[in-house]
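Novice: Below are the structure tokens for one structure; questions will follow.
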Amino acid sequence: MDAFRASIRGDLILRDSASYETARRVWNGNIDRRPAVIVRCTGAADVQRAVNFARTHELLLSLRCGGHSAPGYGTNDGGMVIDMGLMKGIRVDPGNRTATAQGGVQWREFDHETQAFGLATTGGTVSNTGIAGLTLGGGIGWLMGKHGLSVDNLLSADVVTADGQFRTASETENPDLFWALRGGGGNFGAVTSLQYRLHPVTETFSGLVIYPLDQGRDVLRFYRDFCATLPDEAEAFAALLTHDGHPVVALVLGYNGPVEDGEKVLAPARQFGRPIADLVGPMPYCVRQTLIDEPSARHGLHRYWRSAFVDQLSDRLIDGMLEGAAGFTSPLSIIGLFHVHGAAARVPATATAFSARRPTWDFDIIGQWSDAAESAGHTAWVRALWDRVEPELLGTVYINHMMGDDRPERVRASYGENYTRLRDLKTLYDPMNLFRVNANIAPA
Ligand SMILES: Cc1cc2nc3c(=O)[nH]c(=O)nc-3n(C[C@H](O)[C@H](O)[C@H](O)COP(=O)(O)OP(=O)(O)OC[C@H]3O[C@@H](n4cnc5c(N)ncnc54)[C@H](O)[C@@H]3O)c2cc1C
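Here the sequence shown stands for residues 1038 to 1481, where the numbers follow my numbering.
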């Protein structure tokens, strides 16, 4: 361990280190794991040494960028964490409309740099998720209708594979690895840098329209039909949450184009029913990127979560969601529908590892609370609602929204026809399954 410490530029944090308690924690306060060693890397050389050390000493290995994994894949018990949180370098090339960012960058940091040039790429809907974990799983965000998922904008990635080799993956270099990285999550190596395509994005027309729960059935039935009418520039998500102490339904709307066009396209949603509040208006892209940060961006809240894709919003699903919201056990919990459409849905299912390429919704029950002593009750609320609505959902899930106690066969189902190729590439690049603290694709 001493020799390893001397060989890296970053910090080595052991259980007796002063910073250990903070360093072992991740976004989900419900995750209470105690790794043996946390390596806070400063660059690809540190990552390479840490991967070699973990492999040689057969340590359980976690990779961490933003630390937002709900099941806590960014930490473990008794093993090593490669924490890239110090690796914050970002370089924007405004002429070529590209940006290269290191493996520890968060979306708010990335947006800060690219927005200086009026540019952006599809990122997450909460500003402090990590670019690496989010992108490698697919990347669902506000710009996806017009510009595709985060993986569709990935131009190349630098990755340290399980054998300790540093490789660049792109359409022309290691193309198989590049295909697998675009949806295969953290299964294929430690990504030290990602290069993205950027697009001109400055002002957006965005915000929430909020309705009381007793209008919820009509609003959600309107919403499912409204989604089918949307052009690529528009996004419409729906969320059941607590506002002013009461459960409400919110349509979370956005338009990435001229404000006058956005006003026309989003008008039916803003004119529907009798909303409590219409908070839609022009706003800079960076503001939109923080719009639903509260409370989900808060570090350390306790969380338990269930998720699936759904292609049709049945009346039974809508009724189940409304009953779930009426029985919220925590004012911080959310039931959400994220509509995937447009450019994100037109990419062929086998073009990247991410296979859910059709208009669909990512459905999430997100239990969030602050008091650890209340965990059993809030977790039971998520599970009861899940049991009620699961028959209305598909058996596939966005792998970045899986929980640790999800059935492992859901990973295989979710990759669909891409699973066999992914398993073959996993066998090639990581035959010993060094990178297994994730939605795991087991080698053959
Ligand atoms: C509040 C919240 C909002 C979210 N919103 C969205 C959203 O809008 N869109 C969306 O698509 N997803 C969203 N997600 C899901 C998110 O994509 C995943 O939680 C993702 O894993 C977070 O990435 P991270 O880097 O912060 O996670 P971490 O916990 O740091 O990492 C999670 C896993 O990602 C992999 N990973 C991380 N860094 C690297 C790396 N450098 N190299 C290789 N593998 C790595 C590893 O398998 C790691 O275990 C959200 C999650 C939360 C909690």
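Where is the CB? At the ideal position from N, CA and C, for every residue including glycine. It should be emphasised that the depicted structure is a prediction, and the values quoted were computed from it without experimental measurement.
Could you tell me the alpha carbon to alpha carbon distance between Ala1275 and Leu1245, rounded to whole angstroms?
Specialist: Position 238 of the sequence shown, counted from the start, is the residue given in the question as residue 1275. Position 208 of the sequence shown, counted from the start, is the residue given in the question as residue 1245. Taking the straight line joining both Cα atoms gives about 9 Å.
Novice: Would you kindly report the start and end of the unbroken alpha helix (DSSP H) that includes Gln1308?
Specialist: Sequence index remark: in the sequence shown, residue 1308 carries index 271 (1-based). Counting along the chain, the alpha helix (DSSP H) containing Gln1308 begins and ends at 1296-1308.
Novice: Tell me which residues share the same chain as Tyr1456 and place their Cβ nearer than 7 Å to its Cβ, disregarding the 5 neighbours each side in the sequence.
Specialist: The residue labelled residue 1456 in the question sits at position 419 within the sequence shown. Within the same chain, Tyr1456 has close Cβ partners Arg1449.
Novice: Check whether the Cβ atoms of Ala1390 and Gly1220 lie closer than 9 Å to each other.
Specialist: As a working mapping, residue 1390 is identified with position 353 in the sequence shown. As a working mapping, residue 1220 is identified with position 183 in the sequence shown. The answer is yes: Cβ separation under 9 Å.
Novice: To the nearest angstrom, how far is the alpha carbon of Pro1332 from that of Gly1453?
Specialist: In the sequence shown, residue 1332 corresponds to position 295, counting from 1. In the sequence shown, residue 1453 corresponds to position 416, counting from 1. Taking the straight line from one Cα to the other gives about 33 Å.
Novice: Would Leu1100 pass as a contact of Ile1119 if the rule is Cβ separation under 9 Å?
Specialist: Locating residue 1100 in the sequence shown gives position 63, where the first residue counts as 1. Locating residue 1119 in the sequence shown gives position 82, where the first residue counts as 1. It is a contact, given that the beta carbons lie within the stated cut-off.
Novice: So, at 6 Å on beta carbons, what are the nonlocal neighbours of Arg1128 in its own chain, with the 5 sequence-adjacent residues on each side left out?
Specialist: Position 91 of the sequence shown, counted from the first residue, corresponds to residue 1128. Thr1137, listed in sequence order.
Novice: Entirely within the segment 1336-1401 and at least 3 residues each: give me those beta strand (DSSP E) ranges in chain order.
Specialist: Complete beta strand (DSSP E) runs here, min 3: 1339-1347, 1371-1377.
Novice: Would you call the CB atoms of Ser1412 and Asn1067 closer than 9 Å?
Specialist: Here residue 1412 is taken as the residue at index 375 of the sequence shown, counted from 1. Here residue 1067 is taken as the residue at index 30 of the sequence shown, counted from 1. Cβ atoms of Ser1412 and Asn1067: closer than 9 Å.
Novice: Taking a contact to mean a Cβ-Cβ separation below 9 Å, would you say Tyr1248 touches Pro1312 in this structure?
Specialist: As a working note, residue 1248 is residue 211 in the sequence shown. As a working note, residue 1312 is residue 275 in the sequence shown. Result yes, Cβ atoms of Tyr1248 and Pro1312 sit closer than 9 Å.
Novice: Kindly say whether Trp1398, judged by its beta-carbon, lies nearer than 9 Å to any beta-carbon of chain B.
Specialist: Chain labels in this structure do not include chain B; a single protein chain is all it has.
Novice: CA-CA distance, Leu1267 and Val1302?
Specialist: Taking the first residue of the sequence shown as 1, we reach residue 1267 at position 230. Taking the first residue of the sequence shown as 1, we reach residue 1302 at position 265. The straight-line gap from Cα to Cα measures roughly 7 Å.
Novice: Nearest-angstrom Cα distance between His1094 and Met1117?
Specialist: Locating residue 1094 in the sequence shown gives position 57, counting from the first residue. Locating residue 1117 in the sequence shown gives position 80, counting from the first residue. Taking the straight line from one Cα to the other gives about 10 Å.
Novice: Got a sec? Which residues, its chain only, sit under 7 Å from Ile1478 by beta carbon, not counting five neighbours each side?
Specialist: Against the sequence shown, residue 1478 aligns to sequence position 441. The answer, listed in chain order, is Gly1221, Asn1224, Val1448, Leu1459, Arg1460, Lys1463.
Novice: Suppose you measure from the CA of Gly1047 to the CA of Gly1141; what does that come to, to the nearest Å?
Specialist: Numbered from 1 along the sequence shown, position 10 holds the residue referred to as residue 1047. Numbered from 1 along the sequence shown, position 104 holds the residue referred to as residue 1141. Straight-line Cα distance between these residues: approximately 13 Å.
Novice: For Arg1101, verify whether its CB is less than 8 Å away from any heavy atom of ligand 1.
Specialist: Translated into the one-based positions of the sequence shown, residue 1101 becomes position 64. At least one heavy atom of ligand 1 is nearer than 8 Å to the Cβ of Arg1101, so yes.
Novice: Between the beta-carbon of Ala1194 and the beta-carbon of Val1228, is there less than 9 Å?
Specialist: Residue 1194 sits at position 157 when you count from the first residue of the sequence shown. Residue 1228 sits at position 191 when you count from the first residue of the sequence shown. Yes, the pair counts as a contact, with Cβ atoms nearer than the cut-off.
Novice: Quick one: grab the DSSP three-state call for Gln1085.
Specialist: On the sequence shown, position 48 is the one that residue 1085 refers to. Helix, per DSSP.
Novice: When you compare the CB positions of Tyr1435 and Gly1175, do they come within less than 9 Å of one another, or not?
Specialist: As a position in the sequence shown, residue 1435 is number 398, starting the count at 1. As a position in the sequence shown, residue 1175 is number 138, starting the count at 1. Yes, the pair counts as a contact, with Cβ atoms nearer than the cut-off.
Novice: With respect to the alpha helix (DSSP H) encompassing Pro1212, which residues constitute its N-terminal and C-terminal limits?
Specialist: Within the sequence shown, residue 1212 is the residue found at index 175, counting from 1. Residues 1212-1218.
Novice: Please list the terminal residues of the continuous beta strand (DSSP E) segment that includes Leu1234.
Specialist: Sequence index remark: in the sequence shown, residue 1234 carries index 197 (1-based). The question names Leu, yet the displayed sequence has Arg at residue 1234. Per DSSP, Arg1234 is one residue of the beta strand (DSSP E) stretching across 1227-1234.
Novice: How far does the alpha helix (DSSP H) with Val1324 in it extend, from its first residue to its last?
Specialist: Translated into positions along the sequence shown, residue 1324 becomes position 287. Val1324 -> alpha helix (DSSP H) spans 1322-1325.
Novice: Can you tell me whether DSSP reads Ser1412 as helix, strand or coil?
Specialist: Residue mapping note: residue 1412 aligns to position 375 of the sequence shown, counting from 1. In this structure, Ser1412 counts as helix in the three-state DSSP scheme.
Novice: Mind checking which residues open and close the alpha helix (DSSP H) that includes Asp1255?
Specialist: Here residue 1255 refers to the residue found at position 218 of the sequence shown. Segment 1253-1264, the alpha helix (DSSP H) holding Asp1255.
Novice: Say the cut is 8 Å; is the CB of Asn1065 nearer than that to a heavy atom of ligand 1?
Specialist: Position 28 of the sequence shown, counting from 1, holds the residue named residue 1065. Flag set: Cβ of Asn1065 near ligand 1.
Novice: So, Gly1115 versus Ala1087, is the Cβ gap smaller than 9 Å?
Specialist: The residue you call residue 1115 lines up with position 78 of the sequence shown. The residue you call residue 1087 lines up with position 50 of the sequence shown. The answer is no: Cβ separation not under 9 Å.
Novice: Would Gly1379 pass as a contact of Arg1425 if the rule is Cβ separation under 9 Å?
Specialist: In the sequence shown, residue 1379 corresponds to position 342, counting from 1. In the sequence shown, residue 1425 corresponds to position 388, counting from 1. No, these two residues do not count as a Cβ contact at 9 Å.
Novice: Pick helix, strand or coil for Tyr1456, following the three-state DSSP scheme.
Specialist: As a working note, residue 1456 is residue 419 in the sequence shown. Reduced to three states, the DSSP call for Tyr1456 is helix.
Novice: Starting from the C-beta of Val1317, find all residues in its chain whose C-beta is less than 8 Å away, skip the five residues before and the five after it, and write them out in chain order.
Specialist: Walking along the sequence shown from the start, residue 1317 turns up at place 280. Once the five neighbours on either side are set aside, the close Cβ partners of Val1317 are Phe1242, Ser1243, Gly1244, Leu1245, Val1246, Leu1290, Leu1303, Arg1307.
Novice: Answer yes or no: the CB of Leu1245 versus the heavy atoms of ligand 1, is any distance below 8 Å?
Specialist: Start at 1 with the first residue of the sequence shown, and residue 1245 comes out as number 208. No, the Cβ of Leu1245 stays beyond 8 Å of every heavy atom of ligand 1.
Novice: What are the boundary residues of the beta strand (DSSP E) that includes Asp1048?
Specialist: Here residue 1048 corresponds to residue number 11 of the sequence shown, with the count starting at 1. Note, Asp1048: beta strand (DSSP E), 1048-1051.
Novice: Please classify Val1324 as buried or exposed, where buried requires at least 16 neighbouring CB atoms within 10 angstroms.
Specialist: Translated into positions along the sequence shown, residue 1324 becomes position 287. Exposed is the call here.
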